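Letter 133 of the sequence shown, counting from 1, is numbered 133 in full-length UniProt numbering, and no numbers are missing.
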Amino acid sequence: MSDKTSYSLVAANQTSYAKYFATYRKNIWFRPSWASLQEMMLDASDCYWIYQDNQRVGGISLTSNELGSFFMIPPSTLTVGMVHFLKSYAIQNSGGQSKVDAYNVLAEHIDVLKSAGFEVLNTRKCMIRPTEKIENDLHTDCICIKPQLEHLPSIVQVMNESYRGGMDEGNLDTYRDDVSYYFEHNRQDELLNASSVLVDKKTNEVVGFCLISMWEDMPLVYDIAVKPCYSNQGLGRYMLFKAISHLEGFSPTIRLFVILGNKADYLYTRLGFLSGEETSHLVYRVV
1 MSDKTSYSLV AANQTSYAKY FATYRKNIWF RPSWASLQEM MLDASDCYWI YQDNQRVGGI
61 SLTSNELGSF FMIPPSTLTV GMVHFLKSYA IQNSGGQSKV DAYNVLAEHI DVLKSAGFEV
121 LNTRKCMIRP TEKIENDLHT DCICIKPQLE HLPSIVQVMN ESYRGGMDEG NLDTYRDDVS
181 YYFEHNRQDE LLNASSVLVD KKTNEVVGFC LISMWEDMPL VYDIAVKPCY SNQGLGRYML
241 FKAISHLEGF SPTIRLFVIL GNKADYLYTR LGFLSGEETS HLVYRVV
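As structure tokens, then:
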């Protein structure tokens, strides 16, 4: 590529951009139709066309110091020079931020971003499975109850113990905010009835949970965890099968996200979840 190659960004019309996004961006999250892909972008206000030598070659979501969900228009491909341009643009408009984040980067674009100085933080994928009625018994000294807001502190404690030292580790405030958000935005009986809180009958201690939410008109496993001392007892399997069974008739499918390297990935595959394409979160640190 010549050093004289020029790049520019032009704010996109949402209607036109949505049509291109739905066509050229891979459907990595199993959205149900081309129309739903297009509709998702109609309200977006941070979408830009990428121009190379005055020719439109792709699109990107761009906010402050974040690059997201870009796509290329054939026959154009993502180049290191283009990533350097996008990175420089983000840095100049970041208000002095010390890093640039790139979200939902497709596998075929990772090497290009790494060549421009980005590093991979994590990689995840969406998984999907049909709902159906499944025989599902809880063969432990636990009982399963419907999640309620009063369970919030106990759920946070399960998250704290389960995620400690792992790739999903956060802090108590983050866990508390995530669970509060769930109860605030997911009040349908169908979702709460498909969710679980597991309680040890002997100690009355909450030892596991599975929260089912609604995302883009399809049920999603919002979060699931079991205390380490109760692992390998089939509790995760039970809660997922319960959700799959209860949602039969409400939705044809259920989705979840998993970070690569999470040992639960193997369980999800065994339970019939199909893996989508991997996407990564990368970061460039300004020095």
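The C-beta atom is built at its ideal place from N, Cα and C for all residues, glycine as well.
In this text the structure is predicted, and so the values were computed from the model without any measurement.
Cut-off 8 Å between Cβ atoms - residues of its own chain near residue i, not counting five sequence neighbours on either side
i: M214; result: N186, Q188, L191 and L220
i: S2; result: With a pLDDT of 48 at S2, under the threshold of 50, the predicted position of this residue should be treated as unreliable, though the coordinate-derived value follows. Within the same chain, S2 has no close Cβ partners at all.
i: S64; result: A90, N93, S94, G95 and Q97
i: I143; result: L198, V199 and K201
8 Å Cβ cutoff met for residue i and residue j
i: K202; j: D141; result: yes
i: A194; j: F209; result: no
i: L121; j: V283; result: yes
i: L106; j: E277; result: yes
i: M167; j: N262; result: yes
i: A12; j: Y48; result: yes
i: Y7; j: M82; result: yes
Same chain only: Cβ atoms within 7 Å of residue i, ignoring 5 sequence neighbours per side
i: S251; result: T131, M218 and P219
i: E161; result: K227 and P228
i: S115; result: V80
i: L253; result: In the sequence under discussion, the amino acid at residue 253 is Thr, which differs from the Leu named in the question. Cβ neighbours of T253 beyond the five flanking positions: I128, R129, P130, T131 and M218.
i: F118; result: A102, L282, V283 and Y284
CA nearest to the CA of residue i, picked from the options
i: Y181; options: R270, I73, Q148 and F30; result: Q148
i: E108; options: V286, V287, S280 and S36; result: S280
i: F273; options: S61, K4 and F30; result: F30
i: S196; options: Q157, G236, E184 and F71; result: G236
Start and end residues, alpha helix (DSSP H) containing residue i
i: residue 288; result: Residue numbering for the chain in the displayed model covers 1 to 287; residue 288 lies beyond these limits and cannot be assessed.
i: D117; result: Checking the displayed sequence, the identity of residue 117 turns out to be Gly instead of Asp. Note, G117: premise wrong, no alpha helix (DSSP H); not H, not E.
i: K87; result: V80 to Q92
i: G276; result: That residue, G276, is in no alpha helix (DSSP H); its beta strand (DSSP E) goes L274 to R285.
Residue i: first and last residue of the uninterrupted beta strand (DSSP E) it sits in
i: M167; result: No beta strand (DSSP E) holds M167; DSSP gives it neither H nor E.
i: G59; result: Q55 to T63
Cβ shell of residue i (< 6 Å), same chain only, five flanking positions each side left out
i: L152; result: V179
i: L256; result: M127 and V221
i: S69; result: S61 and N104
Proximity test, residue i beta-carbon vs the ligand ATP heavy atom, cut-off 7 Å
i: G234; result: The model depicted lacks the ligand ATP and carries no ligand whatsoever.
Is the region 232-252 close to the region 132-152, with three or more CB pairs under 8 Å? yes
Is it true that the region 41-50 meets the region 8-20, where meeting means three or more beta-carbon pairs spaced less than 8 Å apart? yes
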